[in-house]
Structure formats: C-alpha cells, structure tokens
Amino acid sequence: MKTIVIGAGSDLGVHIDGSNLGPVQLINDLKGFYKGESLSLNQDESIIKSRNLSDRRKNEYEIDKFNTKLYNMILEKIKEEYFPILIGGDHSVSVASALASAKTKNNIGIIWIDAQTNYNTFETTVTGNIQGLSLSAITGYKNHELRYFYDGNIIQPSKTVVIGARGIDEAEKENIKYSGITVFTTNDIKEKGIETIMEEAFKIAGEKTEGIHISYDLDIIDPEIAPGVSIPEFDGIKEEDAMKINELIIKHMDEVISYDLVEFNPLRDQDRKTEQIAINLLAQIIKAAERKNKYKKIHY
Ligand SMILES: [Mn+2]
Numbered sequence: 001m002k003t004i005v006i007g008a009g010s011d012l013g014v015h016i017d018g019s020n021l022g023p024v025q026l027i028n029d030l031k032g033f034y035k036g037e038s039l040s041l042n043q044d045e046s047i048i049k050s051r052n053l054s055d056r057r058k059n060e061y062e063i064d065k066f067n068t069k070l071y072n073m074i075l076e077k078i079k080e081e082y083f084p085i086l087i088g089g090d091h092s093v094s095v096a097s098a099l100a101s102a103k104t105k106n107n108i109g110i111i112w113i114d115a116q117t118n119y120n121t122f123e124t125t126v127t128g129n130i131q132g133l134s135l136s137a138i139t140g141y142k143n144h145e146l147r148y149f150y151d152g153n154i155i156q157p158s159k160t161v162v163i164g165a166r167g168i169d170e171a172e173k174e175n176i177k178y179s180g181i182t183v184f185t186t187n188d189i190k191e192k193g194i195e196t197i198m199e200e201a202f203k204i205a206g207e208k209t210e211g212i213h214i215s216y217d218l219d220i221i222d223p224e225i226a227p228g229v230s231i232p233e234f235d236g237i238k239e240e241d242a243m244k245i246n247e248l249i250i251k252h253m254d255e256v257i258s259y260d261l262v263e264f265n266p267l268r269d270q271d272r273k274t275e276q277i278a279i280n281l282l283a284q285i286i287k288a289a290e291r292k293n294k295y296k297k298i299h300y
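Under the working numbering, read the sequence shown as residues 1 to 300, first letter to last.
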C-alpha cells in the first residue's frame with residue numbers, strides 16, 4: 001500500500017472563482033518534503049462557467065463530467081491499494097472521492113469537517129452552488145443526478161457525521177432531520193471540546209463499518225485565521241483546534257481509508273496564511289499515511 005496525492009482543480013461548484021487553483025499550488029508546495037506519487041485533474045479551460053445565483057443547476061453537466069473522470073481515476077488507485085489524499089477544489093469534488101472510497105466496500109462511514117453541512121437538494125438550494133449538495137448526494141439523500149457515474153453502495157446517513165457546521169440553511173435543516181445524519185456545530189465544539197466531539201464522531205462513523213472517509217473543508221477555521229476560502233463563515237474554530245482535529249484523525253488512522261482537503265482558494269488568501277495551514281495539515285496526514293502503509297507491510 002502506497003500513498004498518492006490527487007489534485008482536483010475544479011471551482012465549478014461555487015460562484016466564486018479561484019479554488020480550482022488551490023491543488024496545483026499546494027502540490028507544488030509539498031514538493032519540498034513529499035517525494036511520493038501525485039496525479040492531477042484540472043477543469044477544462046474552455047468551459048464557460050455559470051456564476052448566476054438564480055441558476056439552480058449551475059454547471060451541473062460540467063461537474064458531472066469532471067467527477068466521472070475523477071471518480072474513475074481515484075477508484076483505479078484504490079484498487080491498486082493506494083491510500084488517496086485528495087486536494088480540492090471546491091467541495092463538489094468530494095462526491096467523486098467519497099464514492100470511490102465506498103465502491104470497493106460494503107459499508108463505510110464518513111466524517112465531514114466543514115462550516116456548512118452541504119445537505120441541500122436541487123429543490124432547497126438558495127445559491128444553486130452544487131458544492132452545497134455534495135454530502136446529501138454522497139449519502140443517497142436525493143441528488144441522484146450528481147452520482148450518475150456510481151453503482152456501488154451509498155454511505156449510510158446513520159454513519160455520517162458533520163463537524164463544525166454553523167451555516168445551515170432553514171430548508172437544509174429539514175433535509176438533515178429527515179435523513180438522520182449527525183451534526184456537531186461549532187457551539188458543540190465550544191461546549192464539549194474537540195476531543196469529545198471527535199471521539200463521538202469516530203464511534204458513529206466507525207460502528208460496524210469497513211473504514212472511514214475524511215473530508216476536511218478549510219472553512220471550518222475562522223476566516224480571520226484562514227481567509228483563503230471561497231465562502232468564509234464567521235465564528236469558526238481556532239487554528240489550534242484545526243490541528244487537533246487532524247491529530248485525532250491520525251489517532252484513528254487504522255480506520256481511515258481516504259482523506260480530502262478542500263476549498264483552499266489562493267485568490268482569497270492573505271499573506272499565505274491559509275496556504276500554510278493547508279500545508280501543515282497535509283504534511284501531518286501524509287506522514288501518518290506513510291506510517292500506516294509501512295505498518296501494514298510489516299504485519300501482512
Ligand atoms: Mn464549506
């Protein structure tokens with residue numbers, strides 16, 4: 001088992017430009033210490049992107065095309081027994097990575113670390129940004145249009161946990177209630193502490209599953225600290241807690257089978273603050289993935 005870093009350069013899931021440029025920059029930054037393999041998929045430059053907020057199916061066809069390619073690319077690597085680390089791109093790219101991870105298993109869990117729950121449907125979306133429909137698509141709550149390429153098992157809402165949410169739309173709350181996913185808000189983190197919340201999350205996502213997919217959106221962090229994201233959401237967590245989340249993920253690395261880091265937008269960053277945090281998170285996870293792989297080699 002080896003580690004592979006996969007860049008998914010698409011910003012078609014959001015009306016703000018720039019997150020498509022994140023992966024190239026971060027993969028370039030990683031070159032100093034990561035000598036392993038990497039792959040990249042970038043959105044076609046000839047695409048005329050829709051940024052119209054009243055368009056409820058913004059760039060749907062192009063996103064489907066991109067994610068179909070990305071899904072097949074990641075799935076192939078999983079079948080070759082790689083541990084995939086995906087760098088986004090806006091959060092719509094995680095439909096491809098999470099489902100590629102689910103494809104070869106009967107039942108996996110997912111921990112979605114994000115300021116938003118991304119649990120809208122084409123009916124409830126306010127912005128028409130498809131990134132906001134990604135988790136509902138992954139967990140089989142409507143939005144089948146976003147997983148046309150997929151014929152495997154869906155990730156069960158009962159094995160799905162969102163951490164750090166604070167920007168939940170009213171209609172989205174109804175979707176969440178109906179589906180039964182677990183949501184821990186930023187207030188829950190403040191009240192109970194990040195360690196308790198993460199342990200609870202791993203218990204839910206790990207119960208009777210064959211692995212856990214992690215999807216980490218940088219906008220969970222307060223925009224004062226990490227401004228380089230497309231849709232900043234006030235009252236986020238501190239950098240210390242952001243790093244702590246990663247450490248707690250690494251503590252459970254034997255259960256983790258794939259990892260995304262998404263939403264770095266270099267056009268919105270200030271003094272490379274967000275870029276530095278992203279690199280620190282990636283460096284930690286790469287090291288842990290490589291350790292995991294070495295350990296597996298010894299024991300099998
Ligand atoms: Mn987000």
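The beta-carbon is built from N, C-alpha and C at its ideal position, and this holds for glycine as well.
- Counting along the chain, Y61 sits inside the alpha helix (DSSP H) bounded by residues E60 to K79.
- Under the rule that a run must span 4 or more residues, the alpha helix (DSSP H) segments found entirely inside the stretch 189 to 216 read 194 to 206.
- N28 carries a helical assignment under DSSP once its states are collapsed to helix, strand and coil.
- Scanning its chain for C-beta atoms nearer than 6 Å, with the 5 sequence neighbours on each side dropped, one finds around T127 the residues L53, in chain order.
- A distance below 6 Å between beta-carbons, with the five flanking residues on each side excluded, links S10 to the following residues of its chain, in chain order: N20, Q43, F66, G89 and V93.
- Annotation: N106 to K142 spans about 20 Å, alpha carbon to alpha carbon.
- Short of 8 Å from the beta carbon of E174, and not among the five residues preceding or following it, lie these beta carbons of its own chain, in chain order: T124.
- With contacts defined as CB atoms closer than 7 Å, K77 and I4 qualify as a contacting pair.
- Classified as buried, I108 has 16 or more neighbouring CB atoms from the shown chains inside 10 Å of its CB.
- Residue G18 holds the alpha-carbon nearest to the alpha-carbon of E45 among I225, S38 and G18.
- In this structure, A115 has its beta carbon less than 6 Å from a heavy atom of ligand 1.
- Look at N120 here: in three-state DSSP terms it is coil, with no helix or strand label.
- The three-state reading of DSSP puts D114 in coil, since its state is none of H, G, I, E or B.
- Checking the 6 Å criterion, the Cβ of D219 is within range of a heavy atom belonging to ligand 1.
- Burial of T139 is indicated by the presence of at least 16 other C-beta atoms within 10 angstroms of its C-beta.
- Taken atom to atom, the span from the alpha-carbon of V95 to that of Y82 is near 19 Å.
- Check the Cα spacing between S40 and each of A165, E60 and L86: the tightest is with L86.
- The beta carbons of K190 and M253 sit no closer together than 7 Å.
- Looking at the DSSP output, D260 shares a beta bridge with L86 and S215.
- In this model, G22 and W112 are separated by some 20 Å (Cα to Cα).
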